[in-house]
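In this text, residue positions in the sequence shown follow the working numbering: the first is 643, and each later residue adds one. Just so it is clear, CB atoms sit at the ideal spot from N, CA and C, and this is done for glycine as well. Here the structure is a predicted model, which means the values were calculated and not measured. Worksheet for the structure shown next.
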Amino acid sequence: MSRKYQGLIVLNTKSLDGTVDELVSSIAREIEAEGGKIDKVTQLGRRQFAYNARHLEAGHYVNYVFTGVGEVVSKLQARLRLNGKVHLQHFQRIA
Numbered sequence: 643m644s645r646k647y648q649g650l651i652v653l654n655t656k657s658l659d660g661t662v663d664e665l666v667s668s669i670a671r672e673i674e675a676e677g678g679k680i681d682k683v684t685q686l687g688r689r690q691f692a693y694n695a696r697h698l699e700a701g702h703y704v705n706y707v708f709t710g711v712g713e714v715v716s717k718l719q720a721r722l723r724l725n726g727k728v729h730l731q732h733f734q735r736i737a
């Protein structure tokens with residue numbers, strides 16, 4: 643059964659090889675590779691952290707809204723944990 647999810651991902655753009663848009667689209671491709679269907683991608687921009695986390699002062703926030711089956715989120719979290727450009731990730735099911 644497909645459900646709708648929202649994923650807030652904070653990207654590490656420090657020493658980025660390409661552009662931010664390329665990084666955002668590569669994360670979207672990873673979501674689709676795990677079986678999710680992207681509904682909407684919203685770039686919230688670069689924001690300062692309250693404190694330096696893992697030697698970063700700021701990150702680029704991106705909100706992904708997608709549809710998928712229940713195990714897509716756990717597979718996606720495991721896959722994004724291996725990506726060095728993903729600083730933080732948070733997923734929740736939406737109505």
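Rounded to the nearest angstrom, what separates residue i and residue j at their Cα positions?
i, j, result
"residue 665", "residue 713", "24 Å"
"residue 681", "residue 657", "29 Å"
"residue 694", "residue 650", "19 Å"
"residue 648", "residue 698", "24 Å"
"residue 727", "residue 669", "10 Å"
Evaluate residue i with the Cβ neighbour count: other Cβ atoms within 10 Å of its Cβ, from every protein chain shown; 16 or more gives buried, anything less gives exposed.
i, result
"residue 686", "exposed"
"residue 718", "buried"
"residue 673", "buried"
Find out if the Cβ-Cβ distance for the pair residue i, residue j is shorter than 8 Å.
i, j, result
"residue 654", "residue 710", "no"
"residue 652", "residue 706", "no"
"residue 723", "residue 676", "no"
Query - In chain order, each beta strand (DSSP E) run of at least 3 residues that lies wholly inside the segment 657-718 - result: 679-695, 698-710
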